[in-house]
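Residue numbers (this note's numbering), protein chains in the order written: chain U, 38 to 300; chain X, 38 to 300; chain G, 38 to 300; chain H, 38 to 300.
Next comes the structure, spelled out in structure tokens:
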């Protein structure tokens, strides 16, 4: 059994990333699927910060299904998001694909993401945990809740207690949505563990129109936050264009869930 | 293509069942999985009505996986729920399993349910539609949204426009929840059709503790209502005991979503 | 527990349909998805009989996902297949969708099929069993093996021991095949029950090119038979054209599995 | 599109591993889930070789769902299987979990396995391909066939043409089998690619009794081989005990598919 990840009684864990406290209230992480250039990141960072987001996401190393798709800017992407992150004092969340990317990430980002495709890359999870940075661990598309928690245990066993879990859809049979968003599973996960549980409706559904209602639903249900793909011009996004929302829609979404900052 | 079920523009359909108007605001249908006796039904009807429910559910003919499970009270169950329904002026929603049950239902209930196991029983759907009563059509556990809408089309083609669709979970791979509640699918369904779409988190999850948060989530996301299993003493329920909530929990749930009637 | 369907020790049941003995050797049922006209049925019957099939399938009442698709010839289809069946002394297997179709079927066919969409239509299963005819019960696309066996139990409890189970694919996530053919599930099913278990690779895969290898696989694995869609001119089939094979391919398939009759 | 993996016309690729030629006839890879000690490996190697296997599998680095399960012998396991492999001139197939394991593997084994959990670890796949050794790439439990082929493309793009694909079950909904063995998917995969496709019924089903019939089925269907878990004493296996077969059963299986060597 996952002894460290398992909830005993009512305890819950709050994971701090800079000033953000994941596990208290509803935390919103926003930003583009892929880091593309400085203007894009600067525009997104200003916009999402103004709308109430407290963490900035952006992919530098992209695990793309096809080797012919844009693979991300790599190390240069990390440097790009780091500069913007420091300028605006909003911590960055960036995915690691392999252990050799960890040193650069450890110096430049606030939180390391382990993506759905890497959820059972236990070597990577343990190494990421050893950096001491908080870990955002995404559920794989075929992972049971027990498997998610065992994966988290690999991080916790390294002595790093700061793990946040993220539901981003399991494999479904109807291509009306890219994956099947398992809200009930995310709620059940919170019953099983003391770790915070957030959602990623962008990857879960792949449909721009469903993001806001699903974030509202997740907040109403009592989950701990959401990671949302935001792009200044979604139609020009180099990755996952159909699921990103623009800054206006993001601001409206934040108002809908009562997280828009006071004027 | 499902021409009658398909949404064209912004139109939405409101389905009236007695005074209830499904498709306006958030409508709550509540009651036990199975009708057991008069005391049970009387207690439930009073309780859910006082808490703000506008329709009363109860199963008379139960499609049980095992022939050795309680199969429902049959015709006597219909008479029981009809008496309670009339006494309290709350329309009843009862499932039909075969066409020969339709005449008795047509005289006694406000809405006929077509269960998940019957979602592609097109003979039954068409016959139920011909009674003129509103139809509650539940999504089958392996049905795509297109298949749900084609099934609805079988009812609409009979000239009965009053069809409500209900998400009740699709088959998932993790037995932490009985089925996989497809909230994003329900939201996408509303984009595809003008018919109202409600949810049944009781059957979708099979877990009492998840009902209230999922109803709150569905309301926040903008769906049209929920069907909730309520039993005076869930532990003594003759069917699906682990997923029913009691009257106190139901009243709290209704308050949580702002539907408790004023004192 | 399904007491009647459950295997105890090594016993196996042989279901007789005319001269065919399902449960001994490998039995092949062949014919078109839908009965279209007399010439079609006559051509198919001659062809599949010459190639070694012992039962003739053909749909008269078609449970089509869309109400706008061809719904079958109905009663006239039953009469058509019955005439051909008698002329060539090959029993017919026809699906029933509702109880009022059973009397005509009982007089004209050798075996009543309960389709995947009706696998939990327990009213229909019990009524079909009461005709005394052997029942071919297809697994639903989201049904567990336990659920299949409980459904069979509804038939066995009527005193009709002649039930054959059929794997025809479960809902999968990759549209490369129409459904996900669960060969291992079919083999496991045989361990759980004494009833014969056959396969329907035509509906399971929806791909003509996969039928022959899957039938060969099922025979090599020790299953009890296969139901195969055969049409004189698959391209002109009014239903499921892409999954039917023609008479030449059928003859080659029968030779491949060693079932072609001696010249 | 996966240009390198895609089949054009009738071409097929034969992958050579020592004297074994995968893609010609039916190739059997056998051995324990985990390398445990020298006696175990020596016994298995002798036994499977005598029964007709041409490649020896054994896990040194085990990607275990739980961090509390046996994680394999690591580098010492590689040395153990290498010694046995050289003594009996049977090439070893060993899984790599991370890039830093590749140099040792490259010097000691005949083929590097990329496991199901690593199917989208593109960094690892490319690095493994650059060793020049043949690659055995297992399908992930939620992977479509396109995704498998794109993953293979990552290896082929490194200039290594020797990639073998392996079906080992996708996530299903019925725990009667550990996963859902997708035989039709494996056959369809062969239509899409020129690469050899083999099966792993041990991991696909997790049931000893189903291994032999599924291997027989796969051979009859025309696939290119099977990887089979064999252990001298399955009950004492330190990993996946319920799915390994013993040497006697393995010899019978090889006789059943006509691959037992002449006496």
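Ideal Cβ positions, reconstructed from N, Cα and C, are used throughout, including at glycine.
Keep in mind it's a predicted model, so treat the numbers as computed, not measured.
Practice task
Name the residue from U:258, U:190 and U:299 whose alpha carbon lies nearest to the alpha carbon of residue 158 (chain U).
Solution key: Ranked by how close their Cα comes to the Cα of residue 158 (chain U), the residues U:258, U:190 and U:299 have U:190 in first place.
Problem - Between the CA atoms of residue 81 (chain G) and residue 264 (chain X) - distance to the nearest angstrom - result: Taking the straight line joining both Cα atoms gives about 50 Å.
Problem - Closer than 7 Å to chain H by CB, residue 213 (chain G) - result: Chain H has a Cβ within less than 7 Å of the Cβ of residue 213 (chain G).
Practice task
May I ask you to verify whether the segment 255-272 of chain U touches the segment 150-166 of chain X, counting CB pairs closer than 8 Å and requiring at least 3?
Solution key: Output reads no: the segment 150-166 of chain X does not touch the segment 255-272 of chain U.
Exercise for the section: May I ask you to report which of helix, strand or coil DSSP gives residue 79 (chain G)? Expected result: In the structure shown, the three-state DSSP call for residue 79 (chain G) is helix.
Exercise for the section: List the DSSP bridge partners of residue 230 (chain X). Expected result: Its beta-bridge partners are X:43.
Exercise for the section: Could you say if the segment 94-104 of chain G and the segment 122-137 of chain G meet the contact criterion of at least three C-beta pairs nearer than 8 Å? Expected result: Segments in contact, yes.
Problem - Distance between beta carbons of residue 222 (chain U) and residue 213 (chain X), contact taken as under 8 Å - result: Indeed, because the Cβ distance is near 7 Å, the residues count as touching under 8 Å.
Problem - residue 291 (chain U), DSSP secondary structure in three states - result: Correct three-state label for residue 291 (chain U): helix.
Handout entry: Touch test, the segment 288-299 of chain G against the segment 122-129 of chain H, Cβ-Cβ under 8 Å, three pairs minimum
Key = With the cut-off at 8 Å, the segment 288-299 of chain G and the segment 122-129 of chain H do not touch.
Problem - Given residue 38 (chain G) as reference, the closest of X:225, X:106, X:77 and X:41 once Cα atoms are compared - result: Comparing alpha carbon positions, the residue from X:225, X:106, X:77 and X:41 closest to residue 38 (chain G) is X:106.
Handout entry: residue 73 (chain U) in three-state terms, based on DSSP
Key = Looking at residue 73 (chain U) - three-state DSSP - the assignment turns out to be coil, as it is neither helix nor strand.
Practice task
On a CA-only basis, which of G:235, G:233 and G:70 is nearest residue 278 (chain G)? Give me that one, please.
Solution key: With respect to the C-alpha of residue 278 (chain G), the residue from G:235, G:233 and G:70 having the closest C-alpha is G:70.
Problem - Which of helix, strand or coil DSSP assigns to residue 179 (chain X) - result: Note: residue 179 (chain X) maps to coil in three-state DSSP.
Practice task
For residue 210 (chain G), go through chain U and note every residue whose CB falls closer than 8 Å to its CB, in chain order.
Solution key: Those within 8 Å of residue 210 (chain G) in chain U are 208, 209 and 210.
Problem - Spatial neighbours of residue 198 (chain X) in its chain, beta-carbon cut-off 7 Å, leaving aside the 5 residues before and after - result: Closer than 7 Å at Cβ, skipping near neighbours: 50.
Handout entry: Range covered by the alpha helix (DSSP H) that runs through residue 162 (chain H)
Key = From DSSP, the alpha helix (DSSP H) with residue 162 (chain H) extends over 159-167.
Handout entry: Member of X:208, X:283 and X:183 whose CA lies at the smallest distance from the CA of residue 177 (chain G)
Key = Of the candidates X:208, X:283 and X:183, the one whose C-alpha sits nearest the C-alpha of residue 177 (chain G) is X:208.
Problem - Among H:250, H:186, H:262 and H:255, nearest to residue 258 (chain G) - alpha-carbon criterion - result: Each of H:250, H:186, H:262 and H:255 was checked against the Cα of residue 258 (chain G), and the nearest Cα belongs to H:250.
Practice task
Could you check if residue 169 (chain X) is buried or exposed, using at least 16 other CB atoms within 10 Å of its CB as the buried criterion?
Solution key: The Cβ neighbour count for residue 169 (chain X), taken over all protein chains shown within 10 Å, is under 16; the residue is labelled exposed.
Exercise for the section: Label residue 48 (chain G) either buried or exposed according to how many other C-beta atoms from any shown protein chain fall within 10 Å of its C-beta, with 16 as the threshold for buried. Expected result: Exposure of residue 48 (chain G) is indicated by the presence of fewer than 16 other C-beta atoms within 10 angstroms of its C-beta.
Practice task
Ignore the nearest five residues each way along the sequence and tell me which others in residue 182 (chain G)'s own chain have a CB closer than 7 Å to its CB.
Solution key: Its chain contains 222, 225, 226 and 229 as the residues whose beta carbon lies nearer than 7 Å to that of residue 182 (chain G), once the 5 sequence neighbours on both sides are disregarded; these appear in chain order.
Handout entry: Residues that residue 218 (chain X) contacts on chain U, provided the C-beta gap is smaller than 8 Å
Key = Those within 8 Å of residue 218 (chain X) in chain U are 219, 220 and 221.
Exercise for the section: Tell me, please, which residues DSSP counts as bridged to residue 195 (chain H). Expected result: Under DSSP, no beta-bridge partner is assigned to residue 195 (chain H).
Practice task
Identify every residue that forms a DSSP beta bridge with residue 150 (chain X).
Solution key: Secondary-structure assignment with DSSP links residue 150 (chain X) through a beta bridge to X:132 and X:173.
Problem - Residue interval of the beta strand (DSSP E) (run including residue 201 (chain H)) - result: Note, residue 201 (chain H): beta strand (DSSP E), 200-204.
Handout entry: Extent of the continuous alpha helix (DSSP H) run through residue 252 (chain H)
Key = Counting along the chain, the alpha helix (DSSP H) containing residue 252 (chain H) begins and ends at 245-258.
Problem - Cβ neighbour criterion (16 or more within 10 Å) applied to residue 109 (chain X) - result: Answer is buried; the Cβ neighbour count reaches 16.
Practice task
Starting from residue 265 (chain G), trace the alpha helix (DSSP H) both ways and give me its first and last residue.
Solution key: Not the alpha helix (DSSP H): residue 265 (chain G) falls in the beta strand (DSSP E), residues 262-266.
Practice task
Could you give the DSSP three-state label for residue 110 (chain H): helix, strand or coil?
Solution key: Note: residue 110 (chain H) maps to coil in three-state DSSP.
Handout entry: Residue nearest to residue 94 (chain H) in terms of C-alpha spacing, selected from H:286, H:164, H:162 and H:151
Key = The residue with the shortest Cα to Cα distance from residue 94 (chain H) is H:151.
Practice task
Have a look at H:63, H:219 and H:116 and flag the residue whose alpha-carbon is nearest the alpha-carbon of residue 147 (chain H).
Solution key: Cα-wise, what sits closest to residue 147 (chain H) is H:116.
Problem - Secondary structure of residue 118 (chain G), DSSP reduced to three states - result: Helix.
Practice task
Check whether the Cβ of residue 135 (chain G) lies closer than 7 Å to any Cβ atom in chain X.
Solution key: True, the Cβ-Cβ gap to chain X drops below 7 Å.
Practice task
Taking only beta-carbon positions, decide if residue 169 (chain U) is within less than 7 Å of chain X.
Solution key: False, the Cβ-Cβ gap to chain X never drops below 7 Å.
Exercise for the section: Please decide whether residue 250 (chain X) counts as near chain U, where near means a Cβ-Cβ distance under 7 Å. Expected result: So, interface residue.
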